[in-house]
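Chemist:
2 protein chains.
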Amino acid sequence: MEFSSKLLENAVYEMSQLPGIGKRTALRLVLHLLRQPETQTHHLAEALLTMRDTIKFCEKCHNISDVELCEICANPNRDASLVCVVEDVRDVMAIESTSQYKGLYHVLGGKISPLDGIGPQELNIYSLVEKVKEGEVKEVIFALSSTMEGDTTNFYIYKQVETYNVQTSTIARGISVGDELEYADEVTLGRSILHRIPFENSL
Amino acid sequence: MEFSSKLLENAVYEMSQLPGIGKRTALRLVLHLLRQPETQTHHLAEALLTMRDTIKFCEKCHNISDVELCEICANPNRDASLVCVVEDVRDVMAIESTSQYKGLYHVLGGKISPLDGIGPQELNIYSLVEKVKEGEVKEVIFALSSTMEGDTTNFYIYKQVETYNVQTSTIARGISVGDELEYADEVTLGRSILHRIPFENSL
Chain F
2 MEFSSKLLEN
12 AVYEMSQLPG
22 IGKRTALRLV
32 LHLLRQPETQ
42 THHLAEALLT
52 MRDTIKFCEK
62 CHNISDVELC
72 EICANPNRDA
82 SLVCVVEDVR
92 DVMAIESTSQ
102 YKGLYHVLGG
112 KISPLDGIGP
122 QELNIYSLVE
132 KVKEGEVKEV
142 IFALSSTMEG
152 DTTNFYIYKQ
162 VETYNVQTST
172 IARGISVGDE
182 LEYADEVTLG
192 RSILHRIPFE
202 NSL
Chain X
2 MEFSSKLLEN
12 AVYEMSQLPG
22 IGKRTALRLV
32 LHLLRQPETQ
42 THHLAEALLT
52 MRDTIKFCEK
62 CHNISDVELC
72 EICANPNRDA
82 SLVCVVEDVR
92 DVMAIESTSQ
102 YKGLYHVLGG
112 KISPLDGIGP
122 QELNIYSLVE
132 KVKEGEVKEV
142 IFALSSTMEG
152 DTTNFYIYKQ
162 VETYNVQTST
172 IARGISVGDE
182 LEYADEVTLG
192 RSILHRIPFE
202 NSL
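So the protein sequences, as listed, match chains F and X.
Read in order, the letters of the first sequence are residues 2 to 204 in this note's numbering.
Read in order, the letters of the second sequence are residues 2 to 204 in this note's numbering.
1. Do X/Ile113 and X/Gly120 count as a contact pair if the criterion is CB distance below 9 angstroms?
2. Please name the residue in F/Ile158, F/Val31 and F/Ile56 whose C-alpha comes closest to that of F/Leu129.
3. Can you check which of these residues, F/Ile96, F/Leu28, F/Leu145 and F/Cys62, is closest to F/Lys7 by C-alpha distance?
4. Report the residues of the stretch 70 to 94 of chain X with a CB closer than 8 angstroms to any CB of chain F, ordered along the chain.
5. Report yes if the CB atom of X/Gln168 is closer than 9 angstroms to the CB atom of X/Val141, and no otherwise.
6. Does any residue of chain F have a CB that is nearer than 9 angstroms to the CB of X/Asp67?
7. Measuring alpha carbon to alpha carbon, tell me which residue in F/Leu45, F/Val188, F/Val86 and F/Ser82 is nearest F/Arg174.
8. Let me confirm a value: X/Met2 is counted as buried when at least 16 other C-beta atoms fall within 10 Å, else exposed. Which label applies?
9. Considering only heavy atoms of the ligand ZN, does any lie closer than 8 angstroms to the CB of F/Gly120?
10. Cβ atoms of F/Glu137 and F/His82: under 9 angstroms apart, would you say?
11. In chain F, which residues lie less than 9 angstroms from X/Leu30 when you measure between Cβ atoms?
12. Check the Cβ of X/Ser6 against every Cβ in chain C and list those closer than 7 angstroms, keeping chain order.
13. Mind checking who F/Tyr106 pairs with in its DSSP beta bridge?
14. At what residues does the beta strand (DSSP E) containing F/Val178 begin and finish?
15. Span of the alpha helix (DSSP H) holding F/Ile73?
16. Opposite F/Lys57 in the DSSP bridges: which residues?
17. Would you please state the rounded distance, in angstroms, between the beta carbons of F/Leu50 and X/His43? I believe it to be under 8 angstroms.
18. X/Gly118: which of X/Ile96, X/Pro77, X/Glu135 and X/Glu150 sits nearest, CA to CA?
19. State the start and end residues of the unbroken beta strand (DSSP E) segment that holds X/Phe143.
20. What whole-angstrom Cβ distance do X/Val86 and X/Leu145 have, given they're in contact under 8 angstroms?
21. Residues in the same chain with beta-carbon distance under 7 angstroms from X/Glu69, minus the five sequence neighbours each way, listed in chain order, please.
22. With 9 angstroms set as the bound, which would you pick, yes or no: does the beta-carbon of X/Thr26 sit closer than that to a beta-carbon of chain F?
23. Below 7 angstroms on C-beta distance, what does X/Ala46 contact in chain F?
24. Going by the beta-carbon positions, is the gap between X/Leu116 and X/Thr154 smaller than 9 angstroms?
25. Could you tell me the alpha carbon to alpha carbon distance between X/Asp152 and X/Arg192, rounded to whole angstroms?
26. Buried or exposed: where does F/Phe200 fall if 16 or more other Cβ atoms within 10 Å of its Cβ makes it buried?
27. Going by beta-carbon coordinates alone, are X/Leu32 and F/Val90 separated by less than 9 angstroms?
28. Using a Cβ-Cβ distance under 9 angstroms, would F/Glu39 count as near chain X?
29. Give the DSSP bridge partners of X/Asp80, in chain order.
Now the structure itself:
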């Protein structure tokens, strides 16, 4: 791609560093900003800079937060004996939107993935084990995605905490509500049969 | 979507103002920036701000440029009697990448589209007519996309310049090089038959 302007080329280059944004998409986005009033670009740039420079991570659960202790951890009505282990803030948002969970979270910041150079040291695992050691936690719920990396991470954490007096559980895998059985994959369907629940519990 | 941080929410909101970027994609992009070193966000924000605040449009062809007169208009080896009318800078880049065109460009900045509130006044049409009036231009080549808006814009400009001593032409429509005839749409195929060229010219 030959650009008629270095400024344009630079903006497109930086935009295309974002995941899933190629050069063509980046050019489309940048040209859109050029057609809009200058304030839009200013607002975007300021929002990104302010966020990057001043955002904090909750010192207890590592969730993204504007203050030292996030709203969830600071809420006295949440059950501090339940800790749900998730990969990142999006999972916290997804679970919160169900309004079904009243415990706390622990955000790992990723999954163990040797191929990507992510070992246990890169994740917030140590602080989780410390939390369990202190004895306040009664149950650790694993809510990572069920990929090989997710299962590895679950097992690693399980091995770290099993010596302490703590229950461990993992979220249920099964057929999505509203899905047809015939289109489900065998592993999911198999698990949903193995881990069937008493009918009264499902009412 | 419930955000745990106002800063995050604001950054996601501004990002999702870009075309084709929804809230979920915006969140993914913003979280990516949070995982990368701070410098990446700084570079992105600075590149966008510098571009938006200091970029210029060539005073002759309205192409994006770092200086008053763009490289193409300033090049004495380009044929100033040929003017190719295009919609935006991406079309200039596309035509330049073919290395087949040695004339100048005129960037309209859009197409006439009454439904979107874009009339001839919103586009750089007046300066094109003035250019033609001055007499240096011998041929105006229309290279807008062949949509209803593109055809309308072509016809509007044609009506404005036909009284002056200038040739008008439009880029050839036909079967793409490498395409199979059976998969071509009827309009394109029809046009490629109507506007057939002497075989010797295609060698």
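Built from N, CA and C at the ideal position, the CB exists for glycine as well.
Modeler: According to the structure data:
1. Yes. Within cutoff.
2. When the alpha-carbon of F/Leu129 is set against those of F/Ile158, F/Val31 and F/Ile56, the nearest one is in F/Ile158.
3. Comparing Cα positions, the closest option is F/Leu28.
4. Flagged, chain order: Cys71, Glu72, Ile73, Asp89, Val90, Arg91, Val93 and Met94.
5. Result yes, Cβ atoms of X/Gln168 and X/Val141 sit closer than 9 angstroms.
6. For X/Asp67, the nearest CB of chain F lies under 9 angstroms from its own CB, placing it at the interface with that chain.
7. Ranking the options by Cα distance to F/Arg174, first place goes to F/Val188.
8. By the 16-neighbour rule on beta-carbons within 10 angstroms, X/Met2 is exposed.
9. Absence of the ligand ZN is noted for the structure shown, with no ligands found whatsoever.
10. Here residue 82 of chain F is Ser; the residue named in the question, His, does not match the sequence. Against a cut-off of 9 angstroms, the Cβ pair of F/Glu137 and F/Ser82 comes out as a contact.
11. Here the neighbours are Leu19, Pro20, Gly21 and Ile22.
12. Here the protein chains are F and X, and chain C is not one of them.
13. F/Tyr106 has F/Cys85 as its beta-bridge partners, per DSSP.
14. Here F/Val178 belongs to no beta strand (DSSP E), and DSSP marks it neither H nor E.
15. That run of the alpha helix (DSSP H) goes Glu72 to Ala75.
16. Looking at the DSSP output, F/Lys57 shares a beta bridge with F/Ser66.
17. With a Cβ gap of about 7 angstroms, F/Leu50 and X/His43 count as contacting.
18. For the residues X/Ile96, X/Pro77, X/Glu135 and X/Glu150, the minimum Cα distance to X/Gly118 belongs to X/Glu150.
19. Residues Glu140 to Phe143.
20. For X/Val86 against X/Leu145, the beta-carbon gap comes to about 7 angstroms, under 8 angstroms, which counts as contact.
21. Around X/Glu69: Lys57 and Glu60.
22. Yes, X/Thr26 lies at the interface with chain F (some Cβ there is under 9 angstroms from its Cβ).
23. Going along chain F in sequence order, the residues near X/Ala46 (Cβ under 7 angstroms) are Ala46, Leu49 and Leu50.
24. Taking 9 angstroms as the cut-off, the Cβ atoms of X/Leu116 and X/Thr154 do not count as close.
25. Straight-line Cα distance between these residues: approximately 15 angstroms.
26. The residue is exposed, with fewer than 16 neighbouring Cβ atoms inside 10 Å.
27. Taking the C-beta atoms as reference points, F/Val90 is found nearer than 9 angstroms to X/Leu32.
28. With 9 angstroms as the cut-off, F/Glu39 counts as an interface residue toward chain X.
29. X/Gly104.
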